[in-house]
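Heads up: the sequence shown begins at 253 in our numbering, then just goes up one per residue.
A virtual CB, placed ideally from N, CA and C, is assigned to each residue, including glycine.
Okay, so here's the structure we're looking at.
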Amino acid sequence: MKSKKIDISGKGFRYQALVGAGLMAKAGELIRERAARSHCAIIADENSAQLFETPVRNSLVEQGFQPVTIVISPGENSKSLREVERICDQMIAASLDRTSFILGLGGGVVGDISGFIASIFHRGIPHIQIPTTLLAMVDSAIGGKTGVNAKLGKNLIGAFHHPSLVIADVDALDSLPPQELRQGYAEIIKHGIIRDAEMLRDLRGGKVTDCAELISRNITIKAQIVLTDDREVFGERAVLNFGHTIGHAIERAADFEMPHGDCVSLGMVAACHVSMRRAGLSAEERNQVVELLQKFDLPTQLPREIPRPQIFETIRRDKKFERGEIRFVVVPKLGSARVSREVTMEDLREAIAQL
Ligand SMILES: NC(=O)c1ccc[n+]([C@@H]2O[C@H](COP(=O)([O-])OP(=O)(O)OC[C@H]3O[C@@H](n4cnc5c(N)ncnc54)[C@H](O)[C@@H]3O)[C@@H](O)[C@H]2O)c1
Ligand SMILES: [Zn+2]
253 MKSKKIDISG KGFRYQALVG AGLMAKAGEL IRERAARSHC AIIADENSAQ LFETPVRNSL
313 VEQGFQPVTI VISPGENSKS LREVERICDQ MIAASLDRTS FILGLGGGVV GDISGFIASI
373 FHRGIPHIQI PTTLLAMVDS AIGGKTGVNA KLGKNLIGAF HHPSLVIADV DALDSLPPQE
433 LRQGYAEIIK HGIIRDAEML RDLRGGKVTD CAELISRNIT IKAQIVLTDD REVFGERAVL
493 NFGHTIGHAI ERAADFEMPH GDCVSLGMVA ACHVSMRRAG LSAEERNQVV ELLQKFDLPT
553 QLPREIPRPQ IFETIRRDKK FERGEIRFVV VPKLGSARVS REVTMEDLRE AIAQL
């Protein structure tokens, strides 16, 4: 099967995303065609290292690269400045320098921290992403946002640093647990809601059988949105936050015990409710979204143990809304989204109440 190539370019960056089967074993070749550098660090977590480090390393060595592998513990806690320092120290000890590059092999956690290190190591070296979760393939590997968590909040420390190549090997998804796969589908459905009604129809009709095609389509959607608004200046990129305002508040109210995609699924149901009130979304289209989320085992009803008032309080206290101005992403119809300034706190309270 031929792999799909997506060209992504914007101000000051240009790279390709490759999507297909069997790409990891060809990583060395694919990188060799594009990079003259030889020393590199493979950053992976314990799971992605165990599953994929050997084939990736072998293919790099075959092409004359000299990789050192640095492994982190799986999970969000590894996205810390302490870990950044530990990895940088290991890279320096291994004599990597400004002529080296970094390869992030894993899910969004690995992609975010390895990209951040690439942005600061010797003031910036190239970053190649080999995303191994569906979420990382369709979302986090694209767009250039990198970073780690601060003690008081997620993703607060970071930099924009676009990768120089993204290699999405769909075979990696074979080992991904269903609960992780679902997290990717939440963002895929979000992309459909804001940009691609046809993809939603295909997903509903069970027409999507070609995984590489679905992933490329989503990379293209994210890239297009991000490209028109590379650094979040025009607000265009904000549509990617559809379902995320209430989703993030649910994540907090659940003490981060509920996965992000599940929270966003609930946030999207609530945002559809707001969209019915404020943007004319039809009840029929809202129901279609709910059914599609359910089809992919995503939650559409808030578990009883999560306190609704706390979700609302989190939003009310959000610094972004401090001046009383709420900017909320609404969908007038499936496939198109816009930022509304007309949404009120009462709308949000009501949308949460009906979840
Ligand atoms: N930079 C961005 O624009 C952006 C966008 C969205 C999310 N994110 C970040 O992405 C992170 C979440 O990413 P994620 O959902 O990929 O989580 P993750 O990186 O924690 O991966 C989920 C789990 O799957 C395991 N895993 C990875 N690949 C596997 C495979 N092929 N088979 C079996 N297990 C595998 C991992 O070890 C981990 O335990 C969050 O930190 C979030 O902030 C960043
Ligand atoms: Zn998200």
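Tell me whether residue i is buried or exposed, calling it buried when 16 or more other Cβ atoms sit within 10 Å of its Cβ.
{"i": "L408", "result": "exposed"}
{"i": "Q435", "result": "buried"}
{"i": "G316", "result": "exposed"}
{"i": "E263", "result": "Glu is not the amino acid found at residue 263; the sequence shown has Lys there. Exposed."}
{"i": "I344", "result": "exposed"}
{"i": "R538", "result": "buried"}
{"i": "S527", "result": "buried"}
{"i": "D364", "result": "buried"}
{"i": "L607", "result": "buried"}
{"i": "S330", "result": "buried"}
{"i": "E536", "result": "exposed"}
To the nearest whole angstrom, what separates the beta carbons of residue i and residue j, a pair I think is in contact under 8 Å?
{"i": "I612", "j": "V390", "result": "Here the chain covers residues 253 to 607 and nothing more, so residue 612 does not appear."}
{"i": "S427", "j": "G359", "result": "That belief does not hold up - the Cβ atoms of S427 and G359 are roughly 12 Å apart, past 8 Å."}
{"i": "S347", "j": "G356", "result": "With a Cβ gap of about 20 Å, S347 and G356 do not count as contacting."}
{"i": "A393", "j": "P429", "result": "So it is not a contact: roughly 19 Å between Cβ atoms."}
{"i": "A420", "j": "L586", "result": "Their Cβ separation, rounded to whole angstroms, is 26 Å, which puts A420 and L586 out of contact at 8 Å."}
{"i": "L455", "j": "L387", "result": "Contact doesn't hold; Cβ gap of about 16 Å is too wide."}
{"i": "A336", "j": "F368", "result": "For the record, residue 336 in the displayed sequence is Val; it is not Ala. Confirmed, Cβ separation roughly 7 Å."}
{"i": "T385", "j": "E432", "result": "6 Å"}
{"i": "I558", "j": "A506", "result": "5 Å"}
{"i": "K397", "j": "F412", "result": "6 Å"}
{"i": "F564", "j": "I604", "result": "6 Å"}
Note down, in chain order, each residue of its chain lying with its Cβ closer than 8 Å to the Cβ of residue i, except the 5 sequence neighbours on either side.
{"i": "E328", "result": "V361, N401, K406, F508"}
{"i": "R309", "result": "I294, P319, T321"}
{"i": "I578", "result": "R593, V595, T596, M597, L600"}
{"i": "Q546", "result": "T552"}
{"i": "S311", "result": "M276, A277, K278, A279, G280, E281"}
{"i": "L550", "result": "R434, Y437, A438, I441, G513, D514, S517"}
{"i": "S261", "result": "Y267, L479"}
Please report the residue range of the beta strand (DSSP E) in which residue i lies.
{"i": "G363", "result": "No beta strand (DSSP E) holds G363; the alpha helix (DSSP H) holding it covers 360-372."}
{"i": "V583", "result": "580-585"}
{"i": "I604", "result": "From DSSP, I604 is part of no beta strand (DSSP E) but of the alpha helix (DSSP H) over 597-605."}
{"i": "P319", "result": "318-324"}
{"i": "A420", "result": "417-421"}
{"i": "S592", "result": "588-592"}
At a cut-off of 8 Å, is residue i close to ligand 4 when judged by its beta-carbon and the heavy atoms of the ligand?
{"i": "G405", "result": "For ligand 4, the structure offers nothing, since it holds only ligand 1 and ligand 2."}
In chain order, what residues of the same chain have a beta carbon less than 7 Å from the beta carbon of residue i, not counting five sequence neighbours either side?
{"i": "L290", "result": "Note on identity: in this sequence residue 290 is Ser, with Leu being the wrong assignment. So the qualifying residues of the chain are G316, F317, Q318."}
{"i": "I377", "result": "R350, S352, F353, I354, A370"}
{"i": "T472", "result": "I258"}
{"i": "S255", "result": "L270, V271, G272, L275"}
{"i": "G495", "result": "K442, V516, G519, M520, A523"}
{"i": "A296", "result": "E305, T321, V323, L357, G358, V362"}
{"i": "L533", "result": "C524, S527, V583, P584, K585"}
Among residues of its own chain, excluding the 5 on either side of residue i, which ones have a beta-carbon nearer than 6 Å to its beta-carbon?
{"i": "I283", "result": "none"}
{"i": "V491", "result": "I446, V581, A589"}
{"i": "H443", "result": "N470, I473"}
{"i": "G410", "result": "F368, T398, G399"}
Quick check on the DSSP output: the alpha helix (DSSP H) that includes residue i runs from which residue to which?
{"i": "L466", "result": "463-480"}
{"i": "Q435", "result": "430-447"}
{"i": "P561", "result": "560-568"}
{"i": "K403", "result": "It is not in any alpha helix (DSSP H) - K403 carries neither H nor E in the DSSP assignment."}
{"i": "Q212", "result": "Nothing can be reported for residue 212: it is not among the residues displayed for the chain, which extend from 253 to 607."}
{"i": "V491", "result": "Neither: V491 is in no alpha helix (DSSP H) and is coded neither H nor E."}
{"i": "S347", "result": "Run containing S347: none; DSSP gives neither H nor E here."}
{"i": "A301", "result": "298-314"}
{"i": "A531", "result": "512-531"}
{"i": "R538", "result": "535-547"}
At 4 residues or longer, what runs of the alpha helix (DSSP H) sit wholly inside the stretch 258-293?
Runs of the alpha helix (DSSP H) inside the stretch 258-293: 279-284.
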